[in-house]
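Take 5 as the starting number for the sequence shown in the numbering used here and just add one per residue. Idealized CB from N, CA, C, for every residue including glycine. Bear in mind the structure is a predicted one, so any value in this text is a computation, not a measurement. Worksheet: one structure, shown below.
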Amino acid sequence: MTKAIVLSSIKYSDNSLIVRCFTEDFGIRSYMLKGVLSPRKKGISPAYFQSFNQLEIVENPKSMGGLFYIKEVKLGYSYQTLHTDVRKSAVILFLSEVCNDVCNVEHPDADLYYFLENTICFFDQNFFEPNFHLKFLLELTAYLGFYPDKNDIENALFFNLEEGIFSDHCPTANYISGEELLLFKRILQASYTDLSSILINRNDRNQLLSHILRYYQWHFPGFKHKKSLDVLQMLFL
Numbered sequence: 005m006t007k008a009i010v011l012s013s014i015k016y017s018d019n020s021l022i023v024r025c026f027t028e029d030f031g032i033r034s035y036m037l038k039g040v041l042s043p044r045k046k047g048i049s050p051a052y053f054q055s056f057n058q059l060e061i062v063e064n065p066k067s068m069g070g071l072f073y074i075k076e077v078k079l080g081y082s083y084q085t086l087h088t089d090v091r092k093s094a095v096i097l098f099l100s101e102v103c104n105d106v107c108n109v110e111h112p113d114a115d116l117y118y119f120l121e122n123t124i125c126f127f128d129q130n131f132f133e134p135n136f137h138l139k140f141l142l143e144l145t146a147y148l149g150f151y152p153d154k155n156d157i158e159n160a161l162f163f164n165l166e167e168g169i170f171s172d173h174c175p176t177a178n179y180i181s182g183e184e185l186l187l188f189k190r191i192l193q194a195s196y197t198d199l200s201s202i203l204i205n206r207n208d209r210n211q212l213l214s215h216i217l218r219y220y221q222w223h224f225p226g227f228k229h230k231k232s233l234d235v236l237q238m239l240f241l
């Protein structure tokens, strides 16, 4: 048995799913669930495979073409608010799309797994925080190898998105400065419990998110625009 966090679920043919999970024991894993959408199919329910659901999976030892099969599955943790609060649901859909792009290691990575597990549970167990996704994305970079270098953070006038460093010198392009830099610093240095003290209006929050996503694009070539981002920005943040 391995613990797993659902990152994506894609319909395959008329009644099957391909589910991508980040697992505790194996890293990234793709599972084929044949016939799971058929009304006559008994056993595994497709409801298990919502974004960021935490599962306990028993695999079938056979695999085919990089796809594995699930023999047994159950919820490892039952969310209280994540799938009932529409604001939280929009946030986790977006964050799961990001994680599906960047959490690609095909070997155990306990630190990354427990970061995802614990941080998602925190979001579920606490009041909705509109800055949560910004903090999550910045902290995730620590497990991906490009966490911002905090040297000179206090007095720096710029953050270089290409190099991931704070600086007094203006880069030629791709940087954060001014009021947006002050907010970026505060989010980076705050704990999750302190985020509510950082007051950011909708436009500034969206602009800061745009900078963070550009930071990801520099370090993950091919990192694409997320469809769920449009909904997130329009409805709630």
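- Cβ contact annotation for Gly31 (same chain, cutoff 7 Å, sequence separation greater than five): Val109, Glu110, His111, Pro112, Asp113, in chain order.
- At a Cβ-Cβ threshold of 8 Å, Phe56 and Val10 count as neighbours.
- With 16 or more other Cβ atoms inside 10 Å of its own Cβ, Glu63 counts as buried.
- Around the beta carbon of Asn135, a 10 Å sphere encloses 16 or more other beta carbons of the protein chains shown; the residue is thus reported as buried.
- For the alpha helix (DSSP H) assignment, the uninterrupted runs of no fewer than 4 residues enclosed by the region 196-240 are, from N- to C-terminal side, 206-223, 231-239.
- Per the DSSP secondary-structure output, Gly31 pairs in a beta bridge with Thr27.
- Contact annotation: Gly80 and Gln54 have beta-carbon atoms that are not nearer than 8 Å.
- Scanning its chain for C-beta atoms nearer than 7 Å, with the 5 sequence neighbours on each side dropped, one finds around Lys75 the residues Val62, Glu63, Asn64, in chain order.
- Between Leu37 and the set Leu86, Phe98, Ile48, the nearest pair of CA atoms involves Ile48.
- Scanning its chain for C-beta atoms nearer than 7 Å, with the 5 sequence neighbours on each side dropped, one finds around His87 the residues Gln54, Ser93, in chain order.
- Annotated three-state conformation of Glu101 is helix, per DSSP.
- Between Asn155 and Arg218, the gap from beta carbon to beta carbon reaches 8 Å or more.
- When only Cα atoms are considered, Ser34 and Gly70 end up about 7 Å apart.
- Ranked by how close their Cα comes to the Cα of Asn104, the residues Leu21, Gly182, Val77, Lys230 have Lys230 in first place.
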